[in-house]
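Here the structure comes first, spelled out in structure tokens, and everything after it is commentary.
And the structure:
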């Protein structure tokens, strides 16, 4: 039987190519998971090219060739192959038909499109592959995540046992009712005694009260388990997320991550409400089967055949449900990401009068999510309708056969009624099992998205060198440092070498995209250099504990972020036991104290989301105060005064100079670094020149051009004299 190409959905925007490689490998039984490939290769924020995908496949012992193809040549290519899609995406073409194509799109799922639709999106290039002679089939080393997830229940074995026990009792009581009915019918019809009726009523009342008590206890235990799972799983995922490296966030939107975190709720509900009771349901199904075989072997065979037909139908439709669920989750995630980004961009939207534009953009993604939901619901509705009809019809067939056995004297009337009732319970339980299975498919799709978080490597260096608290940062050195976002991308920074001494003010300047902000992230340990060496007090940064280093470095980033808390809390950030006087001191240094005092609630004024109730300059100065309150040994200002007027900028600059704090300024305005001890001039990721402002004005044509452009003058002498005076 021909091995079908599996569908692997992408969980981040830039990994469509990696998913296509994983699909091709899995087609030929190299079972590498997307997580294994991701750990072997850093994708970066810009994704992968067709030539990189070719190299990846060749590394896995696949023959791979890139072709420029026209429509008439595509049917002659061996499928599956990878196609460039809309010039910015990759898909797998699984089958070429006469007038249509079967496409595996990592972003939307398995689709069949007409020839005309294919040509609208096809960008003319394909990557054709087949196993090489030395190709090896491999099993995945990836461990099923459900084992890891269910490990959370190890500490609650007694609770889980209690839930299983009470669920078992609940099902046992449901089985006792038909058996009691059988005894009553047979006993009453034969003996015709009233005491049989009174005994039956008494037992029924007793069973009802017991059933109520059992279900109540089971409900309490399930609620307790829900609380435990909510705490353990959500806390585990979120704490892991916070400990991931900054590069993880470079390729994932906040909206998508938020959607994944919310997926934990669905998984929690499934474990407590479906998986644990499902264990007992399986036992109940087997117990009922044994009872039916005990009553009549032929009846048992009939029931088994009917159950198998139902199970086969549900099993054959599972893949269709799984693909539909994956597609729905992808579109829901995109829709939420667009909504989140829109809310974050509201000031721009309002100022630009672009409400309708953003609404149309959201509607486009939302309509796709609704269409995916509608399609998945229709599929599940069709499956559930068939299953429900089968569930209703099967007990009727069993009852008809039971009456046939009754008329032949092989079963009593009570046994026929009992078998019919129990078989109805059996099919209900089987249907419940497969309903749980459908939920398991959905939860598995949720879990895959959460695994993108939990399987990512934690940025942990606790075992590495710690800086002695008594030893200050005296020297920072960059030696031939190179940085690139992925293994195959071009370097963003290369041949970077410079030195910063304690107390110095160092400026970093360059055109947009020259690598200034990337350099700041390397300084703070948010990024790790690809080659070369960064040394702090002559200790390589790769051997140092980033957390202790980051406590000594303050940064005011280019993108200001304030939280929906008071100004006081935004400055202290809940770190350290700072007094109001200390907060006021750093606010004065940042030249924001007087403006805060004029606000009705002073330092207890609540900042709106993203700080929209404050001006750009106020946000920057509050962020500066936040950095200063930790008394950093090194302060990095990443275009941090771009929203300040010249007066505020000069006051803050003078304060920082008096503190003798090592200051690294990534300058948006060159006027802020004229007094710097050293200015590093960057262009296209390389250092062009290093020197003081006046040395560079004299000797660097590139720096002069930057400075003249900012000052809006071509008169060299005027500029030079102005700053000498």
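Numbering (this note's numbering), first residue to last: 5 to 729. Backbone N, C-alpha and C define an ideal beta-carbon position, used for all residues, glycine too.
Residue range of the beta strand (DSSP E) that includes residue i
i: residue 135; result: 126–135
i: residue 695; result: 690–695
i: residue 139; result: That residue, residue 139, is in no beta strand (DSSP E); it is neither H nor E in DSSP.
i: residue 499; result: 497–505
i: residue 514; result: 509–514
i: residue 481; result: 479–487
For residue i, the nearest candidate out of the options (CA to CA)
i: residue 627; options: 108, 577, 612; result: 577
i: residue 329; options: 448, 349, 39, 432; result: 448
i: residue 203; options: 216, 189, 215; result: 189
i: residue 27; options: 82, 244, 255, 86; result: 86
i: residue 507; options: 479, 488, 532; result: 479
i: residue 673; options: 661, 642, 662; result: 642
i: residue 432; options: 397, 450, 407; result: 397
i: residue 384; options: 630, 163, 296, 442; result: 442
i: residue 128; options: 160, 594, 71, 175; result: 71
i: residue 337; options: 571, 525, 486, 265; result: 265
i: residue 551; options: 566, 527, 562, 561; result: 527
i: residue 215; options: 237, 181, 242; result: 181
i: residue 524; options: 633, 110, 496; result: 496
i: residue 89; options: 261, 122, 288; result: 122
i: residue 239; options: 594, 657, 458; result: 458
i: residue 131; options: 261, 81, 179, 440; result: 81
Three-way DSSP call (helix, strand, coil) for residue i in this model
i: residue 194; result: Confidence in residue 194 is poor, its pLDDT being 47 and thus under 50, which makes the residue's placement unreliable; the coordinate value appears in the next sentence. Note: residue 194 maps to helix in three-state DSSP.
i: residue 412; result: coil
i: residue 206; result: helix
i: residue 606; result: helix
i: residue 544; result: strand
i: residue 535; result: strand
i: residue 93; result: strand
i: residue 405; result: helix
i: residue 564; result: coil
i: residue 231; result: helix
i: residue 530; result: coil
i: residue 462; result: strand
i: residue 682; result: strand
Cβ neighbours of residue i in the same chain (closer than 8 Å, five flanking residues each side left out)
i: residue 568; result: 610, 611, 612, 613
i: residue 103; result: 118, 119
i: residue 476; result: 506, 637
i: residue 566; result: 574, 611, 614, 615, 618, 623, 626, 627
i: residue 635; result: none
i: residue 327; result: 11, 113, 114
Endpoints, alpha helix (DSSP H) assigned at residue i
i: residue 339; result: 322–348
i: residue 32; result: Looking at the DSSP string, residue 32 is not in any alpha helix (DSSP H), and its letter there is neither H nor E.
i: residue 438; result: 417–458
i: residue 68; result: Not the alpha helix (DSSP H): residue 68 falls in the beta strand (DSSP E), residues 66–72.
i: residue 268; result: 258–274
i: residue 255; result: Per DSSP, residue 255 belongs to no alpha helix (DSSP H) and is neither H nor E.
i: residue 621; result: 620–632
i: residue 61; result: 54–63
i: residue 592; result: 584–593
7 Å CB neighbourhood of residue i in its chain, flanking five on each side removed
i: residue 78; result: 100
i: residue 25; result: 41, 57, 60, 61
i: residue 700; result: 683, 685, 693, 707
i: residue 141; result: 33, 34
i: residue 17; result: 255
i: residue 362; result: 346, 353
i: residue 166; result: 225
i: residue 36; result: 26, 29, 142, 144
i: residue 710; result: 513, 674
i: residue 306; result: 402, 405
Residues that residue i bridges to, as DSSP identifies them
i: residue 122; result: For residue 122, which the question treats as bridged, DSSP gives no partner whatsoever.
i: residue 106; result: 99, 116
i: residue 638; result: 557, 666
i: residue 687; result: 690
i: residue 570; result: 610
i: residue 85; result: 97, 132
i: residue 248; result: 462
Residue i CB to nearest heavy atom of the ligand SAH below 8 Å
i: residue 267; result: The ligand SAH is absent from the structure shown, which contains no ligands of any kind.
Nonlocal neighbours in the same chain, by C-beta distance under 6 Å from residue i, ignoring five residues either side
i: residue 560; result: 627, 628, 631, 641, 644
i: residue 250; result: 530
i: residue 450; result: 267, 270, 271
i: residue 157; result: 164
i: residue 430; result: 292
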